[in-house]
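These notes are about the structure you will find just below.
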Amino acid sequence: MRFTDELKELTKDSWELSLNHPFVKGIVDGDLPLSIFKNYIMQDIYYLKHYGKVHAFAAAHADDFHVAASLAEKAKNTAEAELTVHKEHAEILEITDEDIANFKPAPTAYAYTSHLYRASLSGSLAQIVAAMLPCYWLYADIGMTYKDAKPEKEIYQNWLNMYASDWFQDSTQEMIDLLDELVEQLGDTEKEKVKEQFIIAKEYELAFWEMSYTFETWLSEKKKAETTV
């Protein structure tokens with residue numbers, strides 16, 4: 001069994017919950033309220049800005065020039081493609097300059113990006129790639145699982161199409177293959193650290209759906225809102 005297959009097996013419960021979360025099912029069925037999707041898009045734009053930086057950290061840790069170049073290019077291509085789509089979504093969802101100016105990341109979005117930076121500080125390329133991989137892999141899996149879905153809202157169809165596209169599927173497979181190659185020379189102790197990075201990141205992927213779906217906010221803001229009702 002490949003190392004990445006083992007990771008997928010270790011996170012199968014979280015994976016199943018992610019594929020069938022009401023947020024995802026709402027996109028597939030086309031009935032997810034646009035207010036929820038708008039919340040997700042704003043949080044994801046924040047996430048992707050930091051995700052791109054973590055790719056740069058990974059490239060800097062690569063001893064092999066070709067791996068470093070690939071990671072740097074992947075950061076550029078992935079960020080540009082996803083942020084372009086998100087910009088189109090922002091126009092459709094009428095995200096205003098005021099929305100952007102007043103934006104504050106939800107606790108889960110902040111914690112997830114912090115986890116990625118923590119992996120970057122580990123000094124291990126394998127750990128960094130492991131922390132980044134669930135984002136690629138889960139979205140690619142969603143794209144293929146629901147590639148035949150036909151949600152009525154065009155914005156949801158475009159979202160699914162992007163992750164089912166050949167370029168995203170190929171990019172994901174490259175990251176899977178890279179992690180398998182990186183762990184070949186690692187000892188058991190380091191492999192356990194790599195597993196931990198992947199498992200935690202996968203839990204954050206699931207939490208990201210829940211965060212978006214429930215309009216998660218900081219506790220002080222929640223308490224303030226409750227007292228003003």
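When we follow full-length UniProt numbering, the leftmost residue of the sequence shown carries the number 1, and every step to the right adds one.
We put the CB at the ideal spot given by N, CA and C, even for glycine.
No experiment lies behind these values; they were computed from the predicted model shown.
- Query: Under a Cβ-count criterion, where at least 16 other Cβ atoms within 10 Å of its own Cβ denotes burial, should residue 218 be classed as buried or exposed?
  - Reply: Within the sequence shown, numbered from 1, the residue matching residue 218 stands at position 218. For residue 218, the number of other beta carbons within 10 angstroms of its own is below 16, and it is reported as exposed.
- Query: DSSP three-state call for residue 107: helix, strand or coil?
  - Reply: Taking the first residue of the sequence shown as 1, we reach residue 107 at position 107. Residue 107 falls in the helix class under three-state DSSP.
- Query: Counting along the chain, where does the alpha helix (DSSP H) carrying residue 203 start and finish?
  - Reply: For the purposes of this step, residue 203 is taken as residue 203 along the sequence shown, with counting starting at 1. It spans 188-214 - the alpha helix (DSSP H) in which residue 203 sits, taken as one unbroken run.
- Straight-line Cα distance separating residue 188 from residue 89: Walking along the sequence shown from the start, residue 89 turns up at place 89. Walking along the sequence shown from the start, residue 188 turns up at place 188. In this structure, the straight-line span from the alpha carbon of residue 89 to that of residue 188 is close to 44 angstroms.
- Task: Give a yes or no on contact between the region 167-183 and the region 129-138, applying the rule of three or more CB pairs nearer than 8 angstroms.
- Result: Enough Cβ pairs lie closer than 8 angstroms, so yes.
- Name the residue from 73, 42 and 177 whose alpha carbon lies nearest to the alpha carbon of residue 94. Position 94 of the sequence shown, counted from the start, is the residue given in the question as residue 94. Nearest C-alpha to residue 94: 42.
- Query: Taking the alpha carbon of residue 119 as the point to measure from, which residue in 27, 195 and 28 has its own alpha carbon closest?
  - Reply: Here the question's residue 119 lines up with position 119 in the sequence shown. Among 27, 195 and 28, the Cα nearest to that of residue 119 is on 195.
- How many Å lie between residue 192 and residue 111 at the Cα? Taking the first residue of the sequence shown as position 1, residue 192 is located at position 192. Taking the first residue of the sequence shown as position 1, residue 111 is located at position 111. Distance from the CA of residue 192 to the CA of residue 111, rounded to the nearest whole angstrom, comes to 21 angstroms.
- Query: With DSSP run on the structure shown, which of helix, strand or coil describes residue 15?
  - Reply: Residue numbering aside, residue 15 sits at position 15 when the sequence shown is read from its first letter. The answer is helix: DSSP assigns residue 15 an H, G or I state.
- Return the residue from the list 5, 21 and 169 that minimises the CA-CA distance to residue 214. The residue labelled residue 214 in the question sits at position 214 within the sequence shown. Nearest Cα to residue 214 within the set 5, 21 and 169: 21.
- Item | CB-CB length for residue 36 against residue 151, believed under 8 angstroms | The residue you call residue 36 lines up with position 36 of the sequence shown. The residue you call residue 151 lines up with position 151 of the sequence shown. Cβ atoms of residue 36 and residue 151 stay farther apart than 8 angstroms, at about 14 angstroms.
- Between the beta-carbon of residue 23 and the beta-carbon of residue 209, is there less than 8 angstroms? Walking along the sequence shown from the start, residue 23 turns up at place 23. Walking along the sequence shown from the start, residue 209 turns up at place 209. Taking 8 angstroms as the Cβ cut-off, residue 23 and residue 209 qualify as a contacting pair.
- Message: Suppose you measure from the CA of residue 211 to the CA of residue 65; what does that come to, to the nearest Å?
- Response: Working through the sequence shown from its first residue, we reach residue 211 at position 211. Working through the sequence shown from its first residue, we reach residue 65 at position 65. If you draw a straight line from the Cα of residue 211 to the Cα of residue 65, it comes to about 38 angstroms.
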